[in-house]
Each structure stands twice: as structure tokens, then as C-alpha cells.
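Numbering (the working numbering), first residue to last: -17 to 141.
Contents: one structure, followed by commentary.
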């Protein structure tokens, strides 16, 4: 994510649409398993917090406030990995999700923000009520939408 230039500074490396698709491949494999364990092991406090996060991300999207949206996304990802009871999910997903977020924030539209926030809220609600099938369905739809966004960028570049 960063390239350090001796005595010159730090450079943020770009993330390409192709890299975003690779990141989504990893997320598509790990996140459903993390959700499964979050449902199995999550406490009632975790579930209440997830419902709050669902509302937070919808509010952030409606306000079109990127800083709040990013905070809500981080909260959602941490809530699920925390509820899973396995810190290795957090370690495995944190870097992948943060790089994926970088690409998405650089290329998203207002519509993308609204649609993705609805998917995230759906995931949080489904996990909170223990509905694994619904959570995984919303997650799959999110991943497909994000992949579609990356493919749009590829098409725009190739024109």
C-alpha cells in the first residue's frame, strides 16, 4: 500500500481494478466463513451492536459523508470478526478489506454508496438475527456488485 522513498517521503501506491478483483476473490472465500462463526459465537451485545452499525452505515450513505462511511465500514468488519471469536479472521481480512476500500472509495458513485450500504446493513441485520443464509446472500450480492464496479472501471480505461 505504501512505498517508502529514502529521504524523500512516502508514496501511496495505486490499486488497480484487476487488483480489486483479486482482493474480492479472497474476500469471497473468507468472509462467509467468518459470518458463520459470528452467528454461532456472537453474544447478544454483539448482535445489538450489529443492528446499530446497520443503521449507522445507512445514515452515513444518506448523508454522503465519506469519513463517517469509512468509520461505519470499519466498525462492521470489526464487529463481524470480533463476534466470530477468532482473531485470525481479523488478521486475514483487515488488510484485504482496507485495500479493497481504497479502490472503492476512489471509484465509487453516489449510487454505489447507497447500494453497498444497503447490502452491508442487510448483512448486519441477518447476522444479528442468526440468519446465515440471508447474511451470505447479501454478502454474495455485495461481492458481485463490487466486482461489477471494478469491471466498469476496466471498461472505462479500455475506451
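Note that CB positions come from ideal geometry on N, CA and C, so glycine has one too.
- By the beta-carbon neighbour count (other beta carbons within 10 angstroms, threshold 16), residue 112 is exposed.
- Rounded to the nearest angstrom, the gap between the Cα atoms of residue 72 and residue 137 is 33 Å.
- Going by DSSP, residue 139 is part of the alpha helix (DSSP H) stretching over 114 to 140.
- The alpha carbon of residue 62 has as its nearest neighbour, out of 45, 129, 16, the alpha carbon of 16.
- In this structure, residue 64 keeps its C-beta atom at 9 Å or more from the C-beta atom of residue 132.
- Of the candidates 98, 108, 80, 108 places its Cα closest to the Cα of residue 33.
- Residue 0 counts as exposed, since fewer than 16 other beta carbons sit within 10 angstroms of its beta carbon.
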